[in-house]
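*Asks:*
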Amino acid sequence: MNDSHKGAASPLAPEWLAVPEDLNALTPSMWAEDVFRTSAGQLTIDGISVAELKEQFGTPLFVMSEADFRTRARGFKDAFDDAFADICGGVDVYYAGKSFLCTAVATWVAEEGLRLDTCSGGELAVAARAGIAGAHLGLHGNNKSDAEIRRALDMQVGRIVVDSLDELDRVAKIASGRGETAKVMLRLTPGVHAHTHEFIATAHEDQKFGLSMAGDTTDEAGLSAAEEAVAAATAYHSIELLGLHCHIGSQIFEPDGFALAAEKLLTFLDAMQRKYSIVLPELDLGGGYGIAYTPVDTPRPPAEIAQAMAAVVRSTCAKLGIDSPRISIEPGRAIVGSTTFTLYEVGTLKTVRVDTPAPADAGDADDNVTYPRRYVSVDGGMSDNARPVLYDADYSAVVASRASAAAPQLSRVVGKHCESGDIVVRDVYLPEDVAAGDLLAVPGTGAYCWALSSNYNYLARPGVVAVRDGSARLIVRGETEEDLLNRDMGV
Ligand code: PLP
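First residue of the sequence shown: 0, per numbering that gives the first Met the number 0; consecutive thereafter.
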């Protein structure tokens with residue numbers, strides 16, 4: 000047994016996790032612009048303390064800064080507009096609604112000059128309720144139902160992003176049956192896959208999304224699926240082919256992958272324009288811009304990414320001798336992710352002792368040494384944040400209801416579900432004196448947390464509170480036990 004390492008780095012911690020110098024400090028990149036710790040020690044957002052939020056709305060609770068959302072949304076729009084002004088007159092920014100969507104957020108998106116990317120009939124319904132103009136909507140999805148396609152046509156959406164040859168055919172038939180023309184983009188898979196700091200380029204595509212640009216097709220003429228789709232779309236009277244689309248991955252920090260995808264798509268677009276004597280006026284380069292979930296994540300400012308992408312679009316168009324199509328992008332996480340933290344209440348605590356090889360500098364290196372890992376249970380878990388379970392995603396956490404001068408202790412924040420994998424924050428240093436009743440805040444939970452939430456173990460999904468000008472209001476109310484029982488039809 001060796002407990003002498005309290006306050007020092009634990010050998011159980013991953014290499015990237017440093018012991019914070021000050022456990023009460025907030026890493027600005029991980030939090031909304033208006034989150035601070037007061038001199039009394041409480042976390043506040045736009046001046047409202049977490050204790051007040053807990054009192055009024057309970058926990059778990061998603062707490063979002065409206066001002067921060069608007070700043071980030073406008074930041075993307077302005078940065079890309081500036082970078083592409085001389086290339087194609089600016090950029091259309093489609094907020095990816097899949098990351099988090101409700102009527103209030105859809106309204107803010109429109110008010111900040113962005114458009115909205117949806118991928119289901121339900122997301123279109125939110126857009127309709129928010130009064131978003133059809134022309135400013137896109138509809139994605141690899142398996143759109145006929146009803147969703149009809150709904151998109153009813154709403155006169157600006158673009159249906161077609162994912163397969165099969166779907167192209169269905170969209171054409173449905174539009175033709177209505178005597179209408181569907182505005183279509185084709186989603187291509189350019190063989191560029193990016194994640195965080197690396198990207199890989201592959202020739203062939205083995206995934207459910209998109210039309211492959213490689214020659215891996217069953218077409219007799221040996222055309223790629225992407226070219227087959229261009230040829231077919233061009234031949235349909237009920238299809239107006241606007242252009243091409245790609246999305247190369249998520250949580251991407253380096254612009255190289257986006258730049259390579261842009262170059263590949265522009266080259267293909269030029270070839271298709273020449274071969275089929277068509278003009279493809281639009282090119283969408285998707286989303287995937289990374290955010291800071293932990294102190295070691297270092298996202299680039301939107302302006303830096305925009306400039307890098309613009310440089311490649313500019314030079315590729317010059318090389319090809321074409322005018323640039325109108326560029327669009329689809330950021331989700333980078334707009335909403337850091338606007339929100341999840342507020343939990345701490346319940347059960349326990350410490351386990353874990354055997355691990357002794358560090359090389361600790362005398363007899365053959366010995367195993369035992370180190371403590373503390374489990375801190377909170378009143379939510381994988382039902383409000385599935386990302387650690389789904390993707391091994393890392394998060395961070397701080398004690399939010401007070402400051403603490405206690406020593407740091409390696410901790411694992413876990414939920415209350417009947418799954419041993421129900422982890423919210425795999426590794427974080429929290430003060431040794433964390434106790435039941437403390438409030439814990441997990442930053443960076445604006446994207447793909449509420450959106451992926453479930454009722455596992457009949458837990459009610461938490462509400463989402465938006466804070467603005469010193470007041471907090473529910474933008475999505477939390478579920479009640481009655482909500483949970485309402486759909487159960489009884490005996
Ligand atoms: N566009 C498409 C087609 C996507 O599939 C996604 C996410 O999966 C996005 C945009 C948004 O990605 P992110 O939230 O990482 O920006």
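For glycine and all other residues, C-beta sits at the position ideal for the given N, C-alpha and C.
Just the Cα atoms here: how many angstroms apart are L259 and R299?
*Replies:* Here the question's residue 259 lines up with position 260 in the sequence shown. Here the question's residue 299 lines up with position 300 in the sequence shown. Between L259 and R299, the C-alpha separation is close to 18 Å.
*Asks:* Using CA atoms only, rank isn't needed, just tell me which of D383, D205, L185, I148 is closest to S175.
*Replies:* As a working mapping, residue 175 is identified with position 176 in the sequence shown. Minimum Cα distance to S175 is reached at I148.
*Asks:* Using beta-carbon positions only, say whether V423 and V433 come within less than 8 Å of one another.
*Replies:* If you number the sequence shown from 1, residue 423 lands on position 424. If you number the sequence shown from 1, residue 433 lands on position 434. No, they are not a contact pair.
*Asks:* For D296, verify whether its CB is less than 7 Å away from any heavy atom of the ligand PLP.
*Replies:* Residue numbering aside, residue 296 sits at position 297 when the sequence shown is read from its first letter. No, the Cβ of D296 stays beyond 7 Å of every heavy atom of the ligand PLP.
*Asks:* Please tell me whether, using a cut-off of 7 Å, the distance from the CB of P330 to the nearest non-hydrogen atom of the ligand ADP is below it.
*Replies:* In terms of ligand content, the structure shown lacks the ligand ADP and carries the ligand PLP instead.
*Asks:* Measure the C-alpha to C-alpha separation of E281 and P324 and round it to an integer number of angstroms.
*Replies:* The count along the sequence shown starts at 1 and reaches residue 281 at position 282. The count along the sequence shown starts at 1 and reaches residue 324 at position 325. Distance between the alpha carbons of E281 and P324: 5 Å.
*Asks:* Mind checking whether the beta-carbon of G256 lies closer than 7 Å to any heavy atom of the ligand PLP?
*Replies:* Here residue 256 refers to the residue found at position 257 of the sequence shown. Not under cutoff, so the answer is no.
*Asks:* Taking 8 Å as the cut-off, does the region 448-455 touch the region 38-57 (at least 3 CB pairs, one atom from each stretch)?
*Replies:* no
*Asks:* Roughly how many angstroms separate the alpha carbons of V160 and E227, rounded to a whole number?
*Replies:* Within the sequence shown, the letter at position 161 stands for residue 160. Within the sequence shown, the letter at position 228 stands for residue 227. Those two C-alpha atoms are separated by around 16 Å.
*Asks:* Do the CB positions of F330 and F75 come within less than 8 Å of each other?
*Replies:* Stepping through the sequence shown from its first residue, residue 330 is reached at position 331. Stepping through the sequence shown from its first residue, residue 75 is reached at position 76. Checking the sequence shown, residue 330 turns out to be Pro, not Phe. Yes.
*Asks:* Would you identify the three-state DSSP class for D145, choosing helix, strand or coil?
*Replies:* The residue given as residue 145 occupies position 146 in the sequence shown. Helix, per DSSP.
*Asks:* So, helix, strand or coil for L243, using DSSP?
*Replies:* As a first step, residue 243 must be located in the sequence shown, where it is residue number 244. Of the three classes helix, strand and coil, the one that applies to L243 here is strand, per DSSP.
*Asks:* Using only the alpha-carbon positions, how far apart do L348 and N485 sit?
*Replies:* For the purposes of this step, residue 348 is identified with residue 349 of the sequence shown, where counting begins at 1. For the purposes of this step, residue 485 is identified with residue 486 of the sequence shown, where counting begins at 1. Each residue's alpha carbon lies about 34 Å from the other.
*Asks:* Indicate the three-state DSSP secondary structure (helix, strand or coil) for P19 in the structure shown.
*Replies:* Walking along the sequence shown from the start, residue 19 turns up at place 20. DSSP places P19 in coil when its eight states are reduced to three.
*Asks:* Going by DSSP in three states, D45 sits in which element: helix, strand or coil?
*Replies:* The residue you call residue 45 lines up with position 46 of the sequence shown. Coil, per DSSP.
*Asks:* Heavy atom of the ligand PLP less than 7 Å from the Cβ of G140, yes or no?
*Replies:* For the purposes of this step, residue 140 is taken as the residue at position 141 of the sequence shown. Not so, every heavy atom of the ligand PLP lies at least 7 Å from the Cβ.
*Asks:* Enumerate in chain order the residues of its own chain whose CB-to-CB distance from W15 is below 6 Å, with the five nearest sequence positions on each side excluded.
*Replies:* In the sequence shown, the residue the question calls residue 15 occupies position 16. Around W15: V295.
*Asks:* Which two residues bound the contiguous beta strand (DSSP E) that contains S403?
*Replies:* Position 404 of the sequence shown, counted from the start, is the residue given in the question as residue 403. Taken as a continuous stretch (DSSP letters only), S403 belongs to no beta strand (DSSP E), as it is neither H nor E.
*Asks:* Is the region 271-280 touching the region 308-319, taking contact as three or more C-beta pairs under 8 Å?
*Replies:* no
*Asks:* Report buried or exposed for D487, applying the criterion of at least 16 other Cβ atoms within 10 angstroms of its Cβ.
*Replies:* To locate residue 487, count along the sequence shown from 1; it is residue 488. Burial call: exposed.
*Asks:* If you run the structure through DSSP and keep just helix, strand and coil, what is K5?
*Replies:* On the sequence shown, residue 5 is found 6 positions in, with the first residue counted as 1. Per-residue confidence for K5 stands at a pLDDT of 47, beneath the threshold of 50, marking its modelled position as unreliable; no derived number is given.
*Asks:* Using the three-state DSSP reduction, which class does M0 fall into: helix, strand or coil?
*Replies:* As a first step, residue 0 must be located in the sequence shown, where it is residue number 1. Interpretation of M0 is limited by its pLDDT of 38, a score under 50 that renders its predicted location unreliable; no figure is taken from the coordinates.
*Asks:* Taking only heavy atoms of the ligand PLP into account, decide whether any of them is closer than 7 Å to the Cβ of Y288.
*Replies:* In the sequence shown, residue 288 corresponds to position 289, counting from 1. Yes, the Cβ of Y288 comes within 7 Å of a heavy atom of the ligand PLP.
*Asks:* Less than 8 Å between the CB atoms is what I'm expecting for M29 and A291, so what's the real figure, rounded?
*Replies:* As a first step, residue 29 is located in the sequence shown; it is residue number 30 there, counting from the start. As a first step, residue 291 is located in the sequence shown; it is residue number 292 there, counting from the start. With 8 Å as the limit, M29 and A291 qualify as a contact, their Cβ atoms being about 5 Å apart.
*Asks:* Report back the beta-carbon spacing between S410 and L429 to the nearest angstrom; my notes put them in contact at under 8 Å.
*Replies:* Along the sequence shown, one-based indexing puts residue 410 at 411. Along the sequence shown, one-based indexing puts residue 429 at 430. S410 to L429, Cβ: 4 Å. Contact.
*Asks:* Thinking C-alpha only, which one of A385, V353, V377, N384 is nearest P371?
*Replies:* In the sequence shown, counting from the first residue as 1, residue 371 sits at position 372. When only C-alpha atoms are compared, the closest one is V353.
*Asks:* Start and end of the alpha helix (DSSP H) containing T315?
*Replies:* As a working mapping, residue 315 is identified with position 316 in the sequence shown. 301-319 is the span of the alpha helix (DSSP H), which, as asked, contains T315.
*Asks:* Given a cut-off of 8 Å on the beta-carbon distance, is the pair G133 and V156 in contact?
*Replies:* As a first step, residue 133 is located in the sequence shown; it is residue number 134 there, counting from the start. As a first step, residue 156 is located in the sequence shown; it is residue number 157 there, counting from the start. Taking 8 Å as the Cβ cut-off, G133 and V156 qualify as a contacting pair.
*Asks:* Would you check whether the ligand PLP has a heavy atom nearer than 7 Å to the C-beta of D116?
*Replies:* The sequence position of residue 116 within the sequence shown is 117, counting from 1. Within the cutoff, so yes.
*Asks:* Taking 6 Å as the limit between beta carbons, can you name the residues of its chain near G379, skipping five residues before and five after?
*Replies:* Within the sequence shown, numbered from 1, the residue matching residue 379 stands at position 380. So the list reads P59, Y343, G414, once near-sequence residues are dropped.
*Asks:* From R169 to A213, what does the alpha carbon distance come to, in whole angstroms?
*Replies:* The residue labelled residue 169 in the question sits at position 170 within the sequence shown. The residue labelled residue 213 in the question sits at position 214 within the sequence shown. Using only the alpha carbons, I get a separation of about 23 Å.
*Asks:* Excluding five sequence neighbours on each side, which residues of the same chain lie with their C-beta closer than 8 Å to the C-beta of G88?
*Replies:* Residue numbering aside, residue 88 sits at position 89 when the sequence shown is read from its first letter. R325.
*Asks:* Out of curiosity, what's the CA-to-CA distance linking D482 and G489?
*Replies:* For this step, residue 482 is matched to residue 483 along the sequence shown. For this step, residue 489 is matched to residue 490 along the sequence shown. Looking at the two C-alpha atoms, the distance is approximately 14 Å.
*Asks:* Return yes when at least one heavy atom of the ligand PLP lies under 7 Å from the C-beta of K97, else no.
*Replies:* Counting from one through the sequence shown, the residue named residue 97 turns up at place 98. True, at least one ligand heavy atom lies under 7 Å from that Cβ.
*Asks:* Quick check on the DSSP output: the alpha helix (DSSP H) that includes D77 runs from which residue to which?
*Replies:* Translated into positions along the sequence shown, residue 77 becomes position 78. Following the DSSP letters along the chain, one finds D77 inside the alpha helix (DSSP H) bounded by residues 65-87.
*Asks:* In this structure, how does DSSP classify K274 when only helix, strand and coil are distinguished?
*Replies:* Translated into positions along the sequence shown, residue 274 becomes position 275. Helix at K274.
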